[in-house]
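Chemist: Residue numbers (our numbering): 25 to 230.
Even glycine gets a Cβ: it sits at the ideal position worked out from N, Cα and C.
Predicted model only: the values in this text are computed from it and were never measured.
(1) From 184, 133, 170, pick the residue whose C-alpha is nearest to that of residue 153; which is it?
(2) Looking at the secondary structure, which residues open and close the alpha helix (DSSP H) in which residue 227 lies?
(3) Going by DSSP, which residues form a beta bridge with residue 111?
(4) Hey, out of 162, 140, 133, 179, whose CA is closest to residue 216's CA?
(5) For residue 195, does the three-state DSSP call read helix, strand or coil?
(6) Using CA coordinates, which residue listed in 52, 77, 56 is at the minimum distance from residue 174?
(7) Measuring only the C-alpha atoms, how far is residue 94 from residue 176?
(8) According to the neighbour-count rule (16 or more other Cβ atoms, all chains shown, within 10 Å of its Cβ), is residue 141 buried or exposed?
(9) By DSSP, does residue 190 sit in helix, in strand, or in coil?
(10) Grouping DSSP H, G and I as helix and E and B as strand, with all else coil, what is residue 264?
(11) In whole angstroms, what separates the C-alpha of residue 74 from that of residue 91?
(12) Leaving out the 5 sequence neighbours to the left and right, which residues in its chain are closer than 7 Å to residue 202 when beta-carbon positions are compared?
(13) Would DSSP call residue 79 helix, strand or coil?
(14) Please report the distance separating the alpha-carbon of residue 81 from that of residue 170.
(15) Which of the three DSSP states is assigned to residue 154 in this structure?
(16) Can you tell which of 128, 109, 200 has its C-alpha closest to the C-alpha of residue 158?
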């Protein structure tokens, strides 16, 4: 009996390790493609920007969307980084463990947003909620009189009560208006292309 328990445990561990390797390798592949796309993008010249785009993106999918938004609205683009969630198995496990958290160690933690009228805040969705780094940024920054737009990309779905809580947070920090825009990229093994993602996002303008 004990022998079979060890065999079952070994199979479970092997299965979990296989999933972790597949997911993290897929993320690294996405990151490489997204980095190449951003590297080849048209240089953006921002003059007297009235819009800021602030984004956290682990594998670069939401980062591609953030760059698109910045290009479209002549906005200044700011990237949030979080070393706890770097690509690889340790970062993936940390992301799973912290997915419902609203606390994270990020850089930068504060940006002077005074000169902007509209602020886009972007992140992937982790376990149905915006990723912790964007919550941390929203807690620590002043949105007085700003129009705040949360944008997300995700593989599965989000839960509206998390979005409602995010709206309460940014309004408590002074936001004048709030809206939410998002794109479901599809499951990790069969995601839509980056261009389809951008087209789906733009279709929400219609």
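Modeler: Taking the definition as stated:
(1) 184
(2) 218–227
(3) Answer is none; residue 111 lacks a bridge partner.
(4) 179
(5) helix
(6) 77
(7) 15 Å
(8) exposed
(9) helix
(10) There is no way to answer for residue 264, as the model of the chain reaches only from 25 to 230.
(11) 16 Å
(12) 172, 191, 194, 195
(13) strand
(14) 23 Å
(15) strand
(16) 128
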